[in-house]
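**Student:** Dropping a structure here in C-alpha cells format, bear with me for questions.
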Amino acid sequence: KSTAVSKGDDSVNNTEEDEEEDVVDLAATSLLNKLIRQSLVESSHLVEVLQKDPSSPLYSVKTFEELRLKEELLKGIYAMGFNRPSKIQEMALPMMLAHPPQNLIAQSQSGTGKTAAFVLAMLSRVNALELFPQCLCLAPTYELALQTGRVVERMGKFCVDVQVMYAIRGNRIPRGTDITKQIIIGTPGTVLDWCFKRKLIDLAKIRVFVLDEADVMIDTQGFSDQSIRIQRALPSECQMLLFSATFEDSVWQFAERIIPDPNVIKLRKEELTLNNIRQYYVLCENRKEKYQALCNIYGGITIGQAIIFCQTRRNAKWLTVEMMQDGHQVSLLSGELTVDQRASIIQRFRDGKEKVLITTNVCARGIDVKQVTIVVNFDLPVNQAEEPDYETYLHRIGRTGRFGKKGLAFNMIEVDKLPLLMKIQDHFNSSIKQLDPEDMDEIE
Ligand code: ADP
Numbered sequence: 073k074s075t076a077v078s079k080g081d082d083s084v085n086n087t088e089e090d091e092e093e094d095v096v097d098l099a100a101t102s103l104l105n106k107l108i109r110q111s112l113v114e115s116s117h118l119v120e121v122l123q124k125d126p127s128s129p130l131y132s133v134k135t136f137e138e139l140r141l142k143e144e145l146l147k148g149i150y151a152m153g154f155n156r157p158s159k160i161q162e163m164a165l166p167m168m169l170a171h172p173p174q175n176l177i178a179q180s181q182s183g184t185g186k187t188a189a190f191v192l193a194m195l196s197r198v199n200a201l202e203l204f205p206q207c208l209c210l211a212p213t214y215e216l217a218l219q220t221g222r223v224v225e226r227m228g229k230f231c232v233d234v235q236v237m238y239a240i241r242g243n244r245i246p247r248g249t250d251i252t253k254q255i256i257i258g259t260p261g262t263v264l265d266w267c268f269k270r271k272l273i274d275l276a277k278i279r280v281f282v283l284d285e286a287d288v289m290i291d292t293q294g295f296s297d298q299s300i301r302i303q304r305a306l307p308s309e310c311q312m313l314l315f316s317a318t319f320e321d322s323v324w325q326f327a328e329r330i331i332p333d334p335n336v337i338k339l340r341k342e343e344l345t346l347n348n349i350r351q352y353y354v355l356c357e358n359r360k361e362k363y364q365a366l367c368n369i370y371g372g373i374t375i376g377q378a379i380i381f382c383q384t385r386r387n388a389k390w391l392t393v394e395m396m397q398d399g400h401q402v403s404l405l406s407g408e409l410t411v412d413q414r415a416s417i418i419q420r421f422r423d424g425k426e427k428v429l430i431t432t433n434v435c436a437r438g439i440d441v442k443q444v445t446i447v448v449n450f451d452l453p454v455n456q457a458e459e460p461d462y463e464t465y466l467h468r469i470g471r472t473g474r475f476g477k478k479g480l481a482f483n484m485i486e487v488d489k490l491p492l493l494m495k496i497q498d499h500f501n502s503s504i505k506q507l508d509p510e511d512m513d514e515i516e
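Counted the way the UniProt record's numbering counts, the sequence shown spans residues 73 to 516.
Structure below.
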C-alpha cells in the first residue's frame, strides 16, 4: 500500500499536535532537498564575484580538465556523471584550487553545486599518504554530515587511500585513539569536543576548513560560537570556505566574522512569478462545501499532478481520510513523518506513482516538483495575525519564469475569507477568477 495513511488507520486520531502548523525546520528541509535531488538546479542569473584582491585576474573554467586535477579525482567526477562545472563551480573552483589557497564565501540556492565544489577542493588538497585529519567540514546536523560524507565517498571512489570520519554524537572513539582518516565531517559541538577536550584532532594540521549550510548553522543555538572557537584555532594558512543557500544580514555578518579576507561569490535565486499561472477561486460556505468543490474538480485535476495545501496537520489528515473514503487515490505528506518517509513519498509522486499529494506548508519551501501543474489551496495561507501570508502563497503556486511550466491554481474560499483573497490578488497585481465548481468548462 502506497499511501501514508489508510482508511481506519489508528494514527489518524487527532492529537493536540495536529492543530499546529508544520513549522519550517531548516535542517530538515535542507536534508529533504538533498534526498530528493536528482540534478543541478538551473539558473538564468549571472554569478556575482567580489574578489579579495580586485586587481588579480579572474579565472573561470568551462571544463574540469582545465583544473589540472589528480587523475583519480577526475575519474571520480566523471563517474558521478558530471560533464562540466555548474555555473557556480565555473567561478568557485579556480579560486578554491588556486595556489596559494584563497578563502571563499559562496552563496547560491540549494542544488547549484556547492557541495560538489567543496568536496572537490577537499579531495584535491588532501595528502593520502599522511594519516591524520587534514580537512574539516562542519555541518548543522548528523544527517547532513552523512550526506556530505557520501559525496566525498562517491567523488573520492578512486582516491583509494583517502578516508572520511564523522565527528557526530554517538560516534564513540576510545580514549587514546589516533585518528588516521584525512577528512573529518561533523557537527560543531562534537568537533569542538574532539579537538579541545579529547585532543583527537590537531587543528594546527588542518589545511581546508569548510563551514557548510551557514544559514542553517546560525539558526541553531550555540553553533555560531562553537564554529568560531574552532576556526580561531586553525593555522593562518588554512583555507577557509563558507557556503550558504541564503544570505540574510545575519548570515553575512557571521560569514565575515569567521572567514578572513574572503573572495565572495553569489548566484541570485531564480525569482518566482505568478505570470504563467491561471488562478481561480471557488466560494464555499464551510469545510464540507470546500470538500465538495474539490471533489467536483478532482476529475479535472488528476489529468496532471496536483498538490493540495492545508493550513494545519489536522485538516490535511481529515481531507486525506475523506478523499480516500470516497475512493480517491491521494497521499499525505506532513511534518510528523521522518525526513526519509517524506523523501520517499515525494519520490513516488515524482515518479508519477501518485497523482495527488495533500500537504501542509512543509512541502512549500524549497521543494520543487517540476511536473506539478495544479495547486489547490484547500486553506489559504495566513499568518498569526490572520493576514494573508503572501510569501507562502507565492511559494505554493509560483514558478520560476524561465524554467517553470504553465500551471493552474485553485483556491477554496469560505465566504468570510474572501477579503483575504482579494488582498492577495491586489498584492500580486494578478487576477484570480471566480469559478463555478459545477462547471469546469469555465477553465480555459
Ligand atoms: P548544493 O550543495 O548547492 O545543494 P550539490 O553539490 O549537492 O548542490 O549539487 C546538486 C546536485 O547536482 C547533486 O545531485 C550533484 O550530484 C549534482 N551536481 C553537482 N555538480 C554537478 C555538475 N558539475 N554536473 C552535473 N551534476 C552536478
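Backbone N, C-alpha and C fix where the C-beta goes; we use that ideal spot for every residue, glycine too.
With a threshold of 7 Å, establish whether the CB of Lys186 neighbours any heavy atom of the ligand ADP.
**Tutor:** Correct: Lys186 has its Cβ closer than 7 Å to the ligand ADP.
**Student:** Mind the definition here: the region 139 to 149 touches the region 291 to 302 only if three or more C-beta pairs lie below 8 Å; say whether that holds.
**Tutor:** Verdict: no, contact absent.
**Student:** Report whether the distance from the Cβ of Glu289 to the nearest heavy atom of the ligand ADP is below 7 Å.
**Tutor:** Note on identity: in this sequence residue 289 is Met, with Glu being the wrong assignment. Incorrect: Met289 has no Cβ contact closer than 7 Å to the ligand ADP.
**Student:** Just to confirm the assignment: which complete beta strand (DSSP E) runs, minimum length 3, are found wholly within the region 185 to 258?
**Tutor:** DSSP runs (the beta strand (DSSP E)) wholly in the region 185 to 258: 207 to 210, 236 to 239 and 255 to 258.
**Student:** Could you round the C-beta distance between Pro260 and Leu210 to whole angstroms and report it? I think they count as a contact, below 8 Å.
**Tutor:** Indeed they touch by this definition, with Cβ atoms about 5 Å apart.
**Student:** Tell me whether Met152, by its Cβ, gets closer than 7 Å to a heavy atom of the ligand ADP.
**Tutor:** Yes, the Cβ of Met152 comes within 7 Å of a heavy atom of the ligand ADP.
**Student:** Using 8 Å as the threshold, is the C-beta distance between Ile485 and Leu507 below it?
**Tutor:** Against a cut-off of 8 Å, the Cβ pair of Leu507 and Ile485 comes out as no contact.
**Student:** Beta-carbon within less than 7 Å of Leu493's beta-carbon, same chain only, minus the 5 sequence neighbours each way: which residues are those?
**Tutor:** Hits under 7 Å: Tyr353, Leu452, Asn483, Ile485 and Ile504.
**Student:** Could I get the ranges of all uninterrupted beta strand (DSSP E) runs contained in the region 94 to 168, with 3 residues as the minimum, in chain order?
**Tutor:** Segments of the beta strand (DSSP E) lying fully in the region 94 to 168: 119 to 122.
**Student:** Going by C-alpha to C-alpha distance, which of Phe281, Val402 and Val119 sits closest to Ala193?
**Tutor:** Comparing Cα-Cα distances from Ala193 to each of Phe281, Val402 and Val119, the minimum goes to Phe281.
**Student:** Mapping the DSSP letters down to three states, classify Val393 as helix, strand or coil.
**Tutor:** Looking at Val393 - three-state DSSP - the assignment turns out to be helix.
**Student:** So which of Leu107, Leu98, Leu208 and Gln181 has the shortest CA-CA distance to Leu339?
**Tutor:** If we check each option's Cα against that of Leu339, Gln181 comes out closest.
**Student:** Count the other C-beta atoms from every protein chain shown that fall within 10 angstroms of the C-beta of residue 544, then say buried if there are 16 or more, exposed otherwise.
**Tutor:** Coverage of the chain is limited to positions 73 through 516, which leaves residue 544 absent and any answer about it impossible.
**Student:** Verify the contact flag: Gly228, CB atom, against every heavy atom of the ligand ADP, threshold strictly below 7 Å.
**Tutor:** The answer is no for Gly228.
**Student:** Can you give me the Cβ contacts of Leu480 inside the same chain, cut-off strictly under 6 Å, excluding the 5 residues immediately before and after it?
**Tutor:** Once the five neighbours on either side are set aside, the close Cβ partners of Leu480 are Arg350 and Ile446.
**Student:** Taking all protein chains shown into account, do 16 or more other C-beta atoms lie within 10 angstroms of the C-beta of Gln219, making it buried, or fewer, making it exposed?
**Tutor:** So Gln219 ends up on the buried side.
**Student:** Out of Pro460, Gln377, Asn387 and Gly294, state which residue places its alpha-carbon closest to the alpha-carbon of Gln497.
**Tutor:** The candidate whose alpha carbon is nearest that of Gln497 is Pro460.
**Student:** Alpha carbon to alpha carbon, how far is Val411 from residue 519? Give it in angstroms, no decimals.
**Tutor:** For residue 519 there is no data in the structure shown, the boundaries of the chain being 73 and 516.
**Student:** With a 10 Å radius around its C-beta and 16 neighbouring C-beta atoms as the bar for buried, classify Pro246 as buried or exposed.
**Tutor:** Exposed, by the Cβ-count rule.
**Student:** Please check the pair Val198 and Gln123, which I expect to be a contact at CB under 8 Å, by giving their CB distance rounded to whole angstroms.
**Tutor:** Going by Cβ atoms, the distance from Val198 to Gln123 rounds to 26 Å, so no, they are not a contact pair.
**Student:** If distances are taken between C-alpha atoms only, which option among Asn105, Val224, Leu98 and Gln161 comes closest to Met152?
**Tutor:** It is Val224.
**Student:** Please report the residue range of the alpha helix (DSSP H) in which Ser296 lies.
**Tutor:** Per DSSP, Ser296 belongs to the alpha helix (DSSP H) from Phe295 to Arg304.
**Student:** Once the 5 residues before and after Leu112 are set aside, which same chain residues still bring their CB inside 7 Å of it?
**Tutor:** Same-chain partners within the cutoff: Ser158, Gly183, Thr184 and Gly185.
**Student:** Buried or exposed: which applies to Glu114, given that a residue is buried once 16 or more other Cβ atoms fall within 10 Å of its Cβ?
**Tutor:** Exposed: under 16 other Cβ atoms inside 10 Å.
**Student:** Tell me the DSSP secondary structure of Asn348 in three-state form.
**Tutor:** In this structure, Asn348 counts as coil in the three-state DSSP scheme.
**Student:** With distance defined between alpha-carbon atoms, name the residue in Gly376, Asn335, Glu426 and Leu346 nearest to Met168.
**Tutor:** It is Asn335.
**Student:** Taking 8 Å as the cut-off, decide whether the C-beta atoms of Lys427 and Gln401 are in contact.
**Tutor:** Their beta carbons are under 8 Å apart, which means Lys427 touches Gln401 by this criterion.
**Student:** Whose CA, out of Ile375, Gly376 and Leu391, lies closest to the CA of Cys382?
**Tutor:** Of the listed residues, the one whose Cα sits closest to Cys382 is Leu391.
**Student:** If distances are taken between C-alpha atoms only, which option among Ala99, Glu328 and Thr464 comes closest to residue 50?
**Tutor:** A question about residue 50 goes unanswered here, because the residues of the chain that appear run from 73 up to 516.
**Student:** Exposed or buried, what is Tyr150 when buried is set at 16 or more other beta-carbons lying within 10 Å of its beta-carbon?
**Tutor:** Classification of Tyr150: exposed, given that the 10 Å Cβ count is below 16.
**Student:** Just to confirm the assignment, what range does the beta strand (DSSP E) spanning Pro260 have?
**Tutor:** Here Pro260 belongs to no beta strand (DSSP E); instead the alpha helix (DSSP H) covers Pro260 to Leu264.
**Student:** Assign Arg414 to one of two classes, buried (16 or more other C-beta atoms within 10 Å of its C-beta) or exposed (fewer than that).
**Tutor:** So Arg414 ends up on the buried side.
**Student:** Do you know whose CA, among Asp488, Arg468, Thr431 and Lys478, lies nearest Glu458's CA?
**Tutor:** Residue Asp488 is the option with its Cα nearest to Glu458.
**Student:** On the criterion of 16 or more Cβ atoms from any shown chain inside 10 Å, does Asp284 qualify as buried, or is it exposed?
**Tutor:** Flag for Asp284 reads buried.
**Student:** Just to confirm the assignment, what range does the beta strand (DSSP E) spanning Gly376 have?
**Tutor:** Segment: none, Gly376 is in no beta strand (DSSP E) and carries neither H nor E.
**Student:** To which residues of the same chain is Ile331 closer than 7 Å at the C-beta, ignoring the five residues directly before and after it?
**Tutor:** Cβ neighbours of Ile331 beyond the five flanking positions: Asn175, Ile177, Met312 and Leu314.
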